[in-house]
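Here the protein sequences line up with chains A and B, keeping their order. In this text, residue positions in the first sequence follow our numbering: the first is 554, and each later residue adds one. In this text, residue positions in the second sequence follow our numbering: the first is 26, and each later residue adds one. Cβ coordinates follow ideal geometry from the N, Cα and C atoms, glycine included. If you're wondering where the values come from, they're calculated on a predicted model, not measured in any experiment.
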Amino acid sequence: MDYRLVLDYRLSAGRLTPWIEGLRIGKARAHCCGECGRVSFPPERRCSCGSIQTKWMTLPGSATILQRSDGPENSFALARFEGADTLTSVRLHNPEIQSDRGRLLAVPEGPPAQVLALVKPEADAK
Amino acid sequence: MVLVAGVALTSFNRRKDGSNFRDWAESAVAAALADAKMEPGDIDALVVASESDFFTLQLNPASVIAGDLGLVGAATMRVEGGGASGQLAVHAAVHQILAGTAQRVAVVGVEATASPLSVNAVTKLYGYSFDAWSDGMTGSTATALYALSATAYMARSGATSEDFAQVAVQNRQNARHNPNAHLPLDTTVDDVLASPVVSSPYRRLDCSPLSDGAAAVILAAGGAVPRRRSGAARICGIGAASDHANLGTRIDVDRFSAKTKAMQRACAMAGLTAADVDIAEIYDAYSGAQLQGLEALGLSSDVLAEHRAGAFAPDGRLPINLSGGLLGQGAPVGAVGVAQVATCALQLEGRYHPDAQCGSAPRHALADTHGGVATTAAVTLLSAGEA
Ligand SMILES: [Zn+2]
Chain A
554 MDYRLVLDYR LSAGRLTPWI EGLRIGKARA HCCGECGRVS FPPERRCSCG SIQTKWMTLP
614 GSATILQRSD GPENSFALAR FEGADTLTSV RLHNPEIQSD RGRLLAVPEG PPAQVLALVK
674 PEADAK
Chain B
26 MVLVAGVALT SFNRRKDGSN FRDWAESAVA AALADAKMEP GDIDALVVAS ESDFFTLQLN
86 PASVIAGDLG LVGAATMRVE GGGASGQLAV HAAVHQILAG TAQRVAVVGV EATASPLSVN
146 AVTKLYGYSF DAWSDGMTGS TATALYALSA TAYMARSGAT SEDFAQVAVQ NRQNARHNPN
206 AHLPLDTTVD DVLASPVVSS PYRRLDCSPL SDGAAAVILA AGGAVPRRRS GAARICGIGA
266 ASDHANLGTR IDVDRFSAKT KAMQRACAMA GLTAADVDIA EIYDAYSGAQ LQGLEALGLS
326 SDVLAEHRAG AFAPDGRLPI NLSGGLLGQG APVGAVGVAQ VATCALQLEG RYHPDAQCGS
386 APRHALADTH GGVATTAAVT LLSAGEA
């Protein structure tokens with residue numbers, strides 16, 4: 554039996570809404586812990602020190618890749634955004650470029666996504 | 026004391042015969058009851074392990090499965106923890122028995138991962154089993170997230186793609202002696218390395234398949250097993266733990282730290298150490314994850330050297346995944362952990378499939394699962410029963 558189910562969700566990002574709104578315009582909005590100063594991107598709802606006293610801050614948006622995995626359709630990486638103490642998974646926008654540096658890309662439409670545009674080492678240096 | 030009074034597995038594969046998850050659950054539990062020399066009326070509680078309603082479009086599956094099995098009136102629940110669901114269901118049953126709220130509990134793990142939805146749809150759904158917002162919506166897949174952890178493991182340990190491929194080859198060789206297995210294959214390291222890249226370093230043959238199937242165990246308090254059913258293996262330790270769902274939040278992205286904690290808890294309960302384990306079923310969703318798991322569980326002081334020397338082969342020091350594991354036996358998610366416990370019990374009783382039976386009369390066995398990239402860890406230690 555074939556059966557098709559289409560579900561139109563209306564999801565809320567809750568307390569992390571500023572992070573999602575930042576991804577839409579290419580801004581890396583992070584949490585900074587008011588207790589220990591740890592900066593998390595994506596923002597942790599609770600800092601690893603246990604505190605929920607977090608403030609919003611905007612990171613520069615540049616990131617360094619630590620691990621990378623390439624597939625036939627998509628490539629992903631674990632990256633550290635400048636100013637963050639945590640790593641995060643990102644999708645690579647232009648995986649054909651071999652570089653360990655990138656910038657957060659604005660994703661105005663569709664599901665909110667952490668997408669990194671890789672930049673050639675010489676372009677990054679300017 | 027909790028005894029494994031009866032066990033049964035259906036075949037794991039992609040069903041093309043028009044059967045569905047309720048058929049598989051019914052046949053697994055009926056066979057496990059027969060193995061335990063029990064009737065449905067002997068059962069106080071039913072615990073169902075199933076990862077997702079998306080596969081079956083049946084919410085609250087325990088309610089309908091209880092009716093199918095003649096268990097209406099028994100206490101029922103469904104337990105879910107991603108890939109750890111099956112063992113977490115076993116743990117829930119153990120808790121009920123140890124608390125004295127039930128004497129005999131049927132546990133059935135079932136998943137229709139292969140036949141109802143396309144591979145693309147399942148791949149997308151699985152992305153939501155990590156952090157649905159940061160990983161899932163970004164489009165990250167299970168394979169990519171495991172690959173990122175594995176890449177870090179390779180950099181630290183010196184493990185190579187050949188080492189990973191050898192895990193896949195061995196487990197599928199083991200599966201050739203298991204008539205229930207999904208992928209009983211005679212492959213070589215070169216075959217694995219020549220298979221298409223899914224998400225580097227993982228290639229198609231490094232990945233476990235999507236499977237349909239069910240597994241059941243009947244657990245019972247020491248005095249609640251029919252006298253005709255002697256020599257049953259017992260569960261002597263259970264342990265569970267968790268890690269950050271986001272890989273990037275962890276201190277070491279390549280270490281399966283939740284497994285280490287889960288194992289410590291199970292060993293403390295059992296009064297055993299990792300060195301007591303004679304055989305193990307390890308959660309090899311991906312080839313490299315088996316090596317990462319062996320390290321985290323403390324089963325070897327030098328996993329790579331022992332792997333390369335064949336210590337984890339069927340004739341080695343510590344046979345791993347004699348069933349074939351997820352790579353060879355298959356991966357109907359909710360059924361996996363239950364199947365592992367069933368396999369360990371049969372091995373300890375010496376009545377596993379004859380060509381896959383461990384020949385050295387094992388005394389202690391370990392079943393190891395996790396959900397996420399070792400985010401939700403659950404392990405079970407079993408001991409051979411009294412003859
Ligand atoms: Zn803090």
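Residue i CB to nearest heavy atom of ligand 1 below 8 Å
i                 : result
Arg568 of chain A : no
Arg228 of chain B : no
Gly603 of chain A : yes
Gly313 of chain B : no
Cys369 of chain B : no
Cys261 of chain B : no
Ile383 of chain B : Here residue 383 of chain B is Cys; the residue named in the question, Ile, does not match the sequence. No - ligand 1 has no heavy atom lying nearer than 8 Å to the Cβ of Cys383 of chain B.
Arg591 of chain A : yes
Glu588 of chain A : yes
Cys600 of chain A : yes
Identity of the residues DSSP links to residue i by a beta bridge
i                 : result
Val97 of chain B  : B:Ala99
Tyr227 of chain B : B:Ser224
Ser312 of chain B : BP columns for Ser312 of chain B are empty, so no partner.
Met610 of chain A : A:Ala583
Ile304 of chain B : B:Ala390
Cys232 of chain B : B:Tyr311
Ser408 of chain B : B:Arg259, B:His389
Ser615 of chain A : A:Arg656
Ser622 of chain A : A:Phe629
Asp237 of chain B : B:Asn38, B:Ala137
Any C-beta of chain B under 9 Å from that of residue i
i                 : result
Asp623 of chain A : yes
Ala549 of chain A : Any question about residue 549 of chain A goes unanswered here, given that chain A covers just 554 to 679.
Ile573 of chain A : yes
Tyr556 of chain A : yes
Leu569 of chain A : yes
Ser652 of chain A : no
Ser615 of chain A : no
Ser601 of chain A : yes
Proximal residues of chain B, C-beta to C-beta of residue i below 8 Å
i                 : result
Arg644 of chain A : Thr163, Gly164, Ser165
Rounded distance between the beta-carbons of residue j and residue i, thought under 8 Å
i                 : j                 : result
Ala131 of chain B : Ala241 of chain B : 7 Å
Leu347 of chain B : Pro339 of chain B : 6 Å
Ala167 of chain B : Gly349 of chain B : Not a contact, Cβ separation roughly 20 Å.
Met162 of chain B : Pro595 of chain A : That belief does not hold up - the Cβ atoms of Met162 of chain B and Pro595 of chain A are roughly 11 Å apart, past 8 Å.
Gln667 of chain A : Thr176 of chain B : The Cβ separation is near 18 Å, so there is no contact.
Ala415 of chain B : Arg254 of chain B : Given a span of 26 to 412 for chain B in the structure shown, any question on residue 415 of chain B remains unanswerable.
Met102 of chain B : Val133 of chain B : Going by Cβ atoms, the distance from Met102 of chain B to Val133 of chain B rounds to 12 Å, so no, they are not a contact pair.
Leu170 of chain B : Phe155 of chain B : 6 Å
Gly262 of chain B : Cys292 of chain B : 6 Å
Thr394 of chain B : Gly362 of chain B : 4 Å
Ala390 of chain B : Asp303 of chain B : 7 Å
Ala30 of chain B  : Ala245 of chain B : 4 Å
Arg654 of chain A : Ser628 of chain A : Not quite, the Cβ-Cβ distance comes to about 15 Å (not below 8 Å), so this is no contact.
Within chain A, the residues that residue i reaches when beta carbons sit closer than 9 Å
i                 : result
Val278 of chain B : Leu619, Gln620, Leu631, Leu640
Chain-ordered chain B contacts of residue i [CB-CB under 9 Å]
i                 : result
Asn627 of chain A : Gly164, Ser165, Thr166, Ala169, Ser224
Ala566 of chain A : Trp158
Partners in chain A for residue i, counting only beta-carbon separations shorter than 7 Å
i                 : result
Gly273 of chain B : Leu631, Thr639, Leu640, Thr641, Ser642
Ala172 of chain B : Ser622
Chain A within 9 Å of residue i, Cβ atoms only
i                 : result
Asp48 of chain B  : no
Asp303 of chain B : no
Thr176 of chain B : yes
Ala180 of chain B : yes
Tyr377 of chain B : no
Pro221 of chain B : yes
Tyr151 of chain B : no
Tyr308 of chain B : no
Tyr227 of chain B : yes
Leu82 of chain B  : yes
Within chain B, the residues that residue i reaches when beta carbons sit closer than 7 Å
i                 : result
Ala666 of chain A : Met162, Thr163, Gly164
Chain-ordered neighbours of residue i on chain A, where CB pairs are closer than 8 Å
i                 : result
Ser159 of chain B : Pro595, Thr641, Ser642, Gln667
Residue i Cβ short of 8 Å to ligand 3 heavy atom set
i                 : result
Val672 of chain A : Among the ligands in the structure shown, ligand 3 does not appear; only ligand 1 can be found there.
Any C-beta of chain D under 9 Å from that of residue i
i                 : result
Leu316 of chain B : No chain D appears in this structure, whose protein chains are A and B.
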